[in-house]
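Position 38 (the sequence shown) corresponds to 38 in full-length UniProt numbering; numbering is contiguous. For glycine and all other residues, C-beta sits at the position ideal for the given N, C-alpha and C.
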Amino acid sequence: MPTPGNKRALVVRGGWDGHQPVEATDSFLPFLREHGYDVRVEDTTAVYADADYMAGVDLVVQTNTMNKIDRDELRGLITAVENGAGMAGWHGGIADSYRESSDYLQFIGGQFATHPTRAPREELKGEAADCFTHYTVNIVPDQADHPIVQGIADFDLHTEQYWVLSDELNDVLATTTIPVTPYHPWHRPVTCPAVWTRLWGEGRIFVCTPGHDTGVLADANVRTIIERGILWASR
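The following block contains the structure:
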């Protein structure tokens, strides 16, 4: 049972194993506990439908890629955030969680569309590394003083670069620009949000698209942004 006065964090993980949902979330559990959270870990979304429990949750950290969610579970999650709980996550674990739900897409504010390949189709090997490219995460100048990205300069990564479909309700803290190449069909560069926040009812949502695996999560810039985002989102 939680200690009276402590904050409650719910970690929900699952979906595609390539995003290492167990290892990735396990790496953040010490951080949560060090910041005074009683942590509950669930491997399914069933807990979202427990209205009594969700009413007392201060923070939801989700890593659940390409999965499905029941209507009552999604309603429970959204209601908790509307009432003041925080929602935080990274990569496909939050931006590609429940493709069948338009309500979830509206709630989170961005949906993974693709990650461009590093070479022409005929040169690819059918491996995850086919989509690992060198790219830059650019801090939005007007947001440089935001507590999530304060003191962080533009930085480079070698991993999946997310092309994200999003809307204007997001407060975008960082972007990434997908270039034109001779072997892709688009004709001009596309700039997408890489880190954003979103206010939903009384609650806060934080999304970081870098975070494919534990290697990317170990990058100092990515780690700092996610840790700060978790704390920013929490009730």
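Simplified DSSP assignment, three categories, for residue i
{"i": "glutamine 106", "result": "helix"}
{"i": "glutamate 160", "result": "strand"}
{"i": "asparagine 221", "result": "helix"}
{"i": "proline 4", "result": "Low confidence applies to proline 4: its pLDDT is 47, below 50, so where it sits in the model is not reliable, and the reading given next is rough at best. Correct three-state label for proline 4: coil."}
{"i": "methionine 66", "result": "coil"}
{"i": "alanine 153", "result": "coil"}
{"i": "glutamate 42", "result": "strand"}
{"i": "alanine 194", "result": "strand"}
{"i": "leucine 124", "result": "coil"}
{"i": "aspartate 50", "result": "coil"}
{"i": "histidine 19", "result": "helix"}
{"i": "aspartate 72", "result": "helix"}
6 Å CB neighbourhood of residue i in its chain, flanking five on each side removed
{"i": "methionine 1", "result": "Reliability of the predicted coordinates at methionine 1 is poor, the pLDDT of 43 falling under 50, and no value is obtained from them."}
{"i": "tryptophan 90", "result": "Cys208, Gly211, Ile226"}
{"i": "proline 4", "result": "Because the pLDDT of proline 4 is 47, which lies under 50, any placement of that residue in the model is unreliable, and the number read from its coordinates should be weighed accordingly. Result list for proline 4: empty, nothing under 6 Å."}
{"i": "valine 81", "result": "Met87, Trp200, Gly203"}
{"i": "arginine 235", "result": "Asp58, Gly84, Ala85, Gly86"}
Cβ neighbours of residue i in the same chain (closer than 7 Å, five flanking residues each side left out)
{"i": "proline 189", "result": "Thr177, Ile178, Pro179, Val180"}
{"i": "aspartate 167", "result": "Gly109"}
{"i": "arginine 228", "result": "Pro147, Ile148"}
{"i": "aspartate 154", "result": "Thr136, Val137, Asn138, Ile139"}
Residues bridged to residue i (per DSSP)
{"i": "glutamine 111", "result": "Leu165"}
{"i": "tyrosine 37", "result": "Lys7"}
{"i": "arginine 13", "result": "Thr63"}
{"i": "threonine 181", "result": "In DSSP, threonine 181 forms no bridge with anything."}
{"i": "arginine 118", "result": "Answer is none; arginine 118 lacks a bridge partner."}
{"i": "methionine 87", "result": "Val60, Ile205"}
{"i": "isoleucine 139", "result": "Ala174"}
{"i": "phenylalanine 132", "result": "Glu160"}
{"i": "leucine 29", "result": "Answer is none; leucine 29 lacks a bridge partner."}
{"i": "leucine 199", "result": "Arg204"}
Nearest-angstrom beta carbon gap, residue j and residue i [assumed within contact, 8 Å]
{"i": "residue 306", "j": "isoleucine 108", "result": "What the structure shows of the chain is the stretch from 1 to 235, and residue 306 is not part of that stretch, so it cannot be assessed."}
{"i": "threonine 25", "j": "threonine 63", "result": "5 Å"}
{"i": "leucine 105", "j": "histidine 146", "result": "24 Å between Cβ atoms; not a contact."}
{"i": "arginine 8", "j": "glycine 56", "result": "6 Å"}
{"i": "tyrosine 48", "j": "glutamate 73", "result": "4 Å"}
Residues of its chain near residue i, where Cβ-Cβ distance is below 8 Å and the 5 sequence neighbours each way are ignored
{"i": "isoleucine 152", "result": "Ile139, Asn221, Thr224, Ile225"}
{"i": "asparagine 6", "result": "Gly36, Tyr37, Asp38"}
{"i": "glutamine 20", "result": "Asp213, Thr214"}
| task | Spell out a yes or no on whether the region 194 to 205 and the region 80 to 92 are touching, meaning 3 or more CB-CB pairs, one atom from each, closer than 8 Å. | result | Yes: at least three Cβ pairs fall under 8 Å.
| field | Three-pair Cβ contact test at 8 Å for the region 114 to 133 versus the region 31 to 43 | value | Not touching, per the Cβ criterion.
| Does the region 155 to 175 come close enough to the region 98 to 117 that 3 or more CB-CB pairs lie under 8 Å? | Two segments are said to touch when three or more pairs of C-beta atoms, one from each, lie closer than 8 Å; by this definition the region 98 to 117 touches the region 155 to 175.
| query | Is the region 213 to 226 close to the region 62 to 78, with three or more CB pairs under 8 Å? | reply | Short answer: they don't touch.
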